[in-house]
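K.L.:
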Amino acid sequence: PTNWPFVISTVEGVNRWGFYLGAVGTFWVDWGDGTVEKIDSSSTTRTWYSHEYKTPGKRTVKLGGRATGYSEGVAVIDFTSQYSYITTMSGSLGQIFPTLPDGTNPCFANTFNGQVNMTTVHNGLFSGIYGQPVKDMFRNTFSNCWMLHYIGDGLFSGLSGVPAEGMFDGTFSNSSGITSIPENLFANCTEVTSFSY
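Numbering (the numbering used here), first residue to last: 19 to 215.
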């Protein structure tokens, strides 16, 4: 692929890196050492994909492709098994896991949970996602990100409609580096009744 909608940089010393995928579709991973892998996923069952490097180092991993199916409450992508590896990210997960033509939305529960070296969540991370939220959509998505201090004010701007159960429960739980919350972070989510944890 020539288009990589989402890019991650890691800490030094990484010799193995991976993620769980829980969406149907065709995806591509550039593991950052010249290896590009194609993933044809026909199931929403959480499946582990990883890569072992010949020597430890800092990695730039790129993700591409497009999802075509989701299951309620199943995270489309989850980096929690790689505790503390991510330092920065850029681009849009919403371009890879967009709102489907029938209005079905992806779930990002626990996606970045425990990434203690990540400092910033930018505006466009979920661009391509709009409309009705789904159950547990952002449950614990950025929890335990201790160094997180900046949150883009347009992070959830595409969402509207009646809130789903648990959609913001624990979203930023125990992310103690946050010093302020953007004024318009939840501007389109005015009917939400629970921000537990």
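We put the CB at the ideal spot given by N, CA and C, even for glycine.
Quick caveat, the model's predicted, so the values are computed rather than measured.
(1) Enumerate in chain order the residues of its own chain whose CB-to-CB distance from residue 44 is below 6 Å, with the five nearest sequence positions on each side excluded.
(2) Note down, in chain order, each residue of its chain lying with its Cβ closer than 7 Å to the Cβ of residue 132, except the 5 sequence neighbours on either side.
(3) On the premise that residue 88 lies in contact with residue 122, defined as a C-beta separation below 8 Å, what is that separation, rounded to the nearest angstrom?
(4) For the candidate residues 155, 185, 135, 182, whose alpha-carbon lies nearest to that of residue 165?
(5) Would DSSP call residue 68 helix, strand or coil?
(6) Thinking C-alpha only, which one of 35, 204, 129 is nearest residue 27?
(7) Check the DSSP bridge columns for residue 84 and list the partner residues they point to.
(8) Report the rounded CA-to-CA distance for residue 79 versus residue 203, giving the unit in angstroms.
(9) Could you give the first and the last residue of the continuous beta strand (DSSP E) run that contains residue 37?
(10) Contact between the stretch 65-77 and the stretch 108-127: three or more CB pairs below 8 Å?
P.N.:
Quick look at the numbers:
(1) Position 26 of the sequence shown, counted from the first residue, corresponds to residue 44. The residues 58, 83, in chain order, have a CB closer than 6 Å to that of residue 44 in the same chain once the five nearest residues on each side in sequence are set aside.
(2) Within the sequence shown, numbered from 1, the residue matching residue 132 stands at position 114. Cβ within range, chain order: 98, 101, 102, 162.
(3) Taking the sequence shown and counting its residues from 1, one reaches residue 122 at position 104. Taking the sequence shown and counting its residues from 1, one reaches residue 88 at position 70. Their Cβ separation, rounded to whole angstroms, is 6 Å, which keeps residue 122 and residue 88 in contact under 8 Å.
(4) On the sequence shown, position 147 is the one that residue 165 refers to. It is 135 whose Cα lies nearest to the Cα of residue 165.
(5) As a position in the sequence shown, residue 68 is number 50, starting the count at 1. Here residue 68 sits in strand by DSSP.
(6) On the sequence shown, residue 27 is found 9 positions in, with the first residue counted as 1. It is 35.
(7) Locating residue 84 in the sequence shown gives position 66, where the first residue counts as 1. DSSP lists 44 as partners of residue 84.
(8) Working through the sequence shown from its first residue, we reach residue 79 at position 61. Working through the sequence shown from its first residue, we reach residue 203 at position 185. Cα to Cα, the separation comes out at about 28 Å.
(9) For this step, residue 37 is matched to residue 19 along the sequence shown. Element bounds for residue 37: 32-39.
(10) no
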